[in-house]
Each structure stands twice: as C-alpha cells, then as structure tokens.
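Each residue of the sequence shown is one higher than the one before, counting from 1491 in the numbering used here. Every residue gets a Cβ at the ideal spot worked out from N, C-alpha and C, and that includes glycine. To start, the structure itself, in structure tokens.
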Amino acid sequence: MNRISNRTFLSAMLVVLALSVAPPSGAGDWPRWLGPTQDGRAVGLAVPAGEPVAFRLAWKRKLGIGYTGIAVAGSRALTMYGDGKRDWLVALDARTGDEIWRYEIGEGYPSLGGSEGGPASMPVVDDGLVFALAAGGDLFAVSLAEGKPLWRQNVVQTLGARKPSFGFSTVPLVVGPVVFIQAGGDAGRALVGLDRRTGKLLWSLGEDRVGYQSPIVAEFAGREMILAVTDRNVVALEPRTGERIWEHAHGIESDEGSGTPVMLGGDRFLLTSNVGSKAFQAVHDAAGWRVAEVWNSSDLKRSFATPVLQDGRLYGFDADFLTAVSAETGKKIWKSRPPGGRGLILIDGRLFLLANDGAMVAAAASPEGYEEQARLPVTDSGTYTYPSFADGRIFVRNTTEIAAVEIVSGSGKAAPAAALDRPAPANAFERFVREVETSSSKGLLIDEFMRQQPAFPIVEDDRFVHFVYRGRA
C-alpha cells in the first residue's frame, strides 16, 4: 500500500591551569583508541540510572585541520592538527581548553582526494608518555608533562612502511614495553613491535598491506593477544615477542581497509568494511587454533565508525544510517536516518555521537528503534573523528573546532508541543520530519537528506512511497 502525508511532506521541505608535572592517568581517562577498554564503552556519568540527560557546553575553541582523535589523561586533552603550514601535537587543559604545550610534527600533510589533509591518527598516553603517528609516517614519543621529545623516527625510512593513499591513520598500541604499529611494510615488516622507551625495533612479521585499520588488545581462551587486521588477514600476536599465535584470511575484499575489531564475547569478534561486516570465532583445542566465520551482514558497512556492543546488540552505521543488529546472528534490528554521523561511543548504556550537522546527540541503546534523548548544537559541522569521554565530559572536534560538552542531569530533548498528541511515526521518513521540526539546522538536515537519496520518489520497505520536492514553494 502506498502512503504519503501532505503535512509530513510540507513539514520536511519547509522546514574540547598548566602544571609543571602532568597528572597521572586515571580510571576515568580516555588514553587510547576507543577508550580505556578499547571497545568504545565507558561508565561514569553523574546522572542516576533512568534519569534524563542533557548537555552543557563547557568550552569551545578554534583548532586546525585534521581528523585525529582526542586522548584524555588527567587534566590534559591531546590531539593533532595542521595550521596550513605545519602539523602539531597539542596538549590542552581538559577543563578550560587553554593550550598547555605543543610539539611540532613537521610540514603540514596536504589535502588529497576530498580529504582536507592534516593528521588522522590518534595520540596514545601510557605511563607519562604520549605516542603518536603522523600522516607522513613520523612516529614519536614525548613527555605528557611538557611535550619534550623522547625519540622519533619516520617509519617509511626506517622500517619500509607503506603509506596509505590518505596518509597513516592507524593508531599505535602500547602493551607493556612494546609500541605496536601496523606499518604495512615489505620483507616481514607489515606488523611491527618497538621498544616504548627508545623506539628500537624489537620484532616484526607479515608482508600484507595495511590501510587505516587499528589494532586492539584482546583475550582468546584466557590469553592476552594483539588483534590486528591487514587488508587480507586478521592476526593474533603475542605482544612482547611478536609470536604469531594464529592468522586467518578474513575474506573481506578491501584495499586500504579501515575496520577495527570488536570483541563480541565467547572468543568471537567482528570485522567491518566498506562492503559489509563479518563475525568470527577463534577456537583453541588439542588440534591447535582455528578461526571460523559465524555470520556476515550487509547492514554495517560504508562507515569508518566502529560499532559498540550493548545487551547483545551492535550499534553502528550503514553509511550515515544509525543501525542496530543482533550480535548473535548479524540480523538487522532497526535502522534510522536521524541523527546521521560517522562515529559513536556508549556511556552507561547510552549512545553518544556528533551528528553530521555538528550537534552532540544522546540516544537510547534500545531494541525498539532510534530514541533521541538529548541534543545540543556544538560545532558548525560533523566529522569523521570519534567522540572521547572523561570526567563527565565528551570531547569532540572537526577540522576547524574542538569542544568539551558536559553531560548533566536534565530533561533531555523536549518534544514540541504539537507532537505530544501525535501517533508514533509510521516510517523512517516521518521520523526524519520530526527531527527536522526540532532541529536548529533544518536546512543542513534537509540538504543532507536529499543528497543521500539514490532515487526519487523514495520507496521505503516496499510499503511507502514519498514524493519529495526541494525548492521554492
């Protein structure tokens, strides 16, 4: 049955104190890629369970070009950016946004093929040191307290690393005395372990290419391992020696992939790519290790976002569509056009993301569908950079600004009076219309909506047809 609402149609269309000694990293920090537990999850909201949340802008300041994530350790927030001439690592006061120190990386990384340029990896903090990999291949360690250099090398020159098309964005991983990077080099140097105090090569292996994937620390059969993804394989390594524990061809056709593994429990893990996602299980028995595919799905794809796991459900993106799938089967539970985004985290069971229009958004991690709980315009546009969370604040940035947003107890996003007596939206298009009605960036939302449509009229679930016009009425 075809259905269209004139009111729906018209509504839609009209419609991130300088100290001499750096504070120690704590349990509430966000010191590395995907947070302290490397799964995009955190706890520690100062909001009782079941109570609504709201946002308050703590500070915002100008920042330069880059897609680098934000590491938070003690009172410092660290990220990288370019000013048009040089690229920098900067430490800001996490409470005020004031600059504490900056470290010069070198010549600014250029814009290429739609990218604005600048650094794209994320600094990592470990035991008073900051480790970072610049887009051009400069890997370095500096002190957290003052940004004083400890060691530095260019991994292309010293290790034969192969730079991806848009520069290095893989994030270093510190495990005990080892700094691990996915270098993508030849002659057994695709995966590399370095001494964290000197930068000296400790071990290396593999020859497969590496794109924009980042590794995590994982546990299989009770044993801690580095889980790394290359363009063709997924590899489990002993961190201190580089021993290859197991390796498996993941079968995801992808040159310069971007997926970070997600642990699903029960020795299972997820890999995402531009074309889809796959779940695998690593089993250890008397015969040794074997890895088998559990399921594959086309509902988490075409996104740099790493899904998060909550109550047996994975929340991530299919392009810009926020999507929930079963972690057990990979089957889609729901998909939503609003709020749109490219990275999300989960705090105390709630989803938080920076939407494409630059708004900070909180939503329920619910099997029932997209339920927005709070929204605050923060930046002038969204970004590919994930949010970070520490001490009750979310840190976000795009290629021009960085901000810190406090999560506070409050009323969340109030429904418009006209919506109180309305029935629930009948379809995704009507939910989009409700989003437009309450947004402060209606034009941006509508423009993005129109850009994403593959064809007009819009056919939804073979049951609804929406005839949409954008222009003078």
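inquiry  = Could you tell me the alpha carbon to alpha carbon distance between Val1700 and Gly1675, rounded to whole angstroms?
reply    = On the sequence shown, position 210 is the one that residue 1700 refers to. On the sequence shown, position 185 is the one that residue 1675 refers to. For Val1700 and Gly1675, the distance between alpha carbons rounds to 8 Å.
inquiry  = For a quick check, are the C-beta atoms of Thr1762 and Leu1790 less than 7 Å apart?
reply    = Looking up residue 1762 in the sequence shown gives position 272. Looking up residue 1790 in the sequence shown gives position 300. Yes. Within cutoff.
request  = Just mark Ser1929 as buried or exposed, buried being the case when its beta carbon has 16 or more other beta carbons within 10 Å.
outcome  = The residue labelled residue 1929 in the question sits at position 439 within the sequence shown. Confidence at Ser1929 is low in this model, with a pLDDT of 49, below 50, so the placement of that residue should be treated as unreliable; the coordinate-derived value is given next. With 16 or more Cβ atoms within 10 Å of its Cβ, Ser1929 is classed as buried.
task = Out of Thr1731, Trp1549, Gly1608, state which residue places its alpha-carbon closest to the alpha-carbon of Leu1691.
result = Residue numbering aside, residue 1691 sits at position 201 when the sequence shown is read from its first letter. Per the Cα distances, Thr1731.
task = Using three-state DSSP, classify Phe1946 as helix, strand or coil.
result = In the sequence shown, residue 1946 corresponds to position 456, counting from 1. Phe1946: coil per DSSP, three-state reduction.
Own chain partners of Met1612 with C-beta closer than 6 Å, once the 5 adjacent residues on each side are dropped = For this step, residue 1612 is matched to residue 122 along the sequence shown. Only residues of its own chain outside the window of five on either side were considered, and among them Trp1523, Thr1558, Gly1559, Val1661 have a CB closer than 6 Å to the CB of Met1612, listed in chain order.
ask   = How many whole angstroms separate the CB atoms of Ala1673 and Val1645, which I take to be in contact at a CB cut-off of 8 Å?
value = On the sequence shown, residue 1673 is found 183 positions in, with the first residue counted as 1. On the sequence shown, residue 1645 is found 155 positions in, with the first residue counted as 1. About 5 Å separates the two Cβ atoms, so the contact holds.
inquiry  = Given this structure, state the Cα-to-Cα distance separating Ala1631 from Trp1520, to the nearest angstrom.
reply    = In the sequence shown, counting from the first residue as 1, residue 1631 sits at position 141. In the sequence shown, counting from the first residue as 1, residue 1520 sits at position 30. If you take the alpha carbons of Ala1631 and Trp1520, they lie about 18 Å apart.
key: For Pro1667 and Arg1686, the rounded distance between their alpha carbons   = Here the question's residue 1686 lines up with position 196 in the sequence shown. Here the question's residue 1667 lines up with position 177 in the sequence shown. Rounded to the nearest angstrom, the two C-alpha atoms are 6 Å apart.
Meets three-Cβ-pair contact criterion under 8 Å: the stretch 1829–1849 and the stretch 1802–1812 = Judged by pairs of C-beta atoms under 8 Å, the stretch 1829–1849 touches the stretch 1802–1812, as three or more such pairs exist.
ask   = Would Ala1905 be called buried (16 or more neighbouring beta carbons within 10 Å of its own) or exposed?
value = Translated into positions along the sequence shown, residue 1905 becomes position 415. Because Ala1905 sits at a pLDDT of 37, beneath the cut-off of 50, its placement in the model cannot be relied upon, and the following sentence gives the value as read from the coordinates. So Ala1905 counts as exposed.
ask   = Can you tell me where the alpha helix (DSSP H) with Thr1873 in it begins and where it stops?
value = In the sequence shown, residue 1873 corresponds to position 383, counting from 1. Unbroken run through Thr1873: none, as it is neither H nor E.
message = Helix, strand or coil for Phe1621? Go by DSSP, reduced to three states.
response = Looking up residue 1621 in the sequence shown gives position 131. Note: Phe1621 maps to strand in three-state DSSP.
message = Rounded to the nearest angstrom, what separates Phe1939 and Val1955 at their Cα positions?
response = Within the sequence shown, the letter at position 449 stands for residue 1939. Within the sequence shown, the letter at position 465 stands for residue 1955. Whole-angstrom Cα-Cα distance: 16 Å.
ask   = Which whole-angstrom value describes the C-beta separation of Leu1717 and Ala1726, a residue pair presumed to lie in contact below a C-beta threshold of 8 Å?
value = In the sequence shown, residue 1717 corresponds to position 227, counting from 1. In the sequence shown, residue 1726 corresponds to position 236, counting from 1. Correct: roughly 6 Å between the Cβ atoms.
ask   = If we ignore side chains and look at the alpha-carbon of each, how far apart do Asn1764 and Asp1698 end up?
value = Residue 1764 sits at position 274 when you count from the first residue of the sequence shown. Residue 1698 sits at position 208 when you count from the first residue of the sequence shown. Rounded to the nearest angstrom, the two C-alpha atoms are 19 Å apart.
inquiry  = Taking only three categories from DSSP, how would you classify Glu1920?
reply    = Within the sequence shown, the letter at position 430 stands for residue 1920. The answer is helix: DSSP assigns Glu1920 an H, G or I state.
message = Less than 7 Å between the C-beta atoms of Phe1794 and Arg1827, yes or no?
response = One-based indexing of the sequence shown puts residue 1794 at position 304. One-based indexing of the sequence shown puts residue 1827 at position 337. Their beta carbons are not under 7 Å apart, which means Phe1794 does not touch Arg1827 by this criterion.
message = The beta strand (DSSP E) that contains Val1661, what's its start and end?
response = Counted from its first residue, the sequence shown places residue 1661 at position 171. Here Val1661 belongs to no beta strand (DSSP E), and DSSP marks it neither H nor E.
message = Helix, strand or coil for Val1895? Go by DSSP, reduced to three states.
response = Residue numbering aside, residue 1895 sits at position 405 when the sequence shown is read from its first letter. Correct three-state label for Val1895: strand.
query = Where do the N-terminal and C-terminal ends of the alpha helix (DSSP H) with Val1815 fall, by residue?
reply = Taking the first residue of the sequence shown as 1, we reach residue 1815 at position 325. Residue range 1811–1816 is occupied by the beta strand (DSSP E) that includes Val1815, with no alpha helix (DSSP H) assigned at that position.
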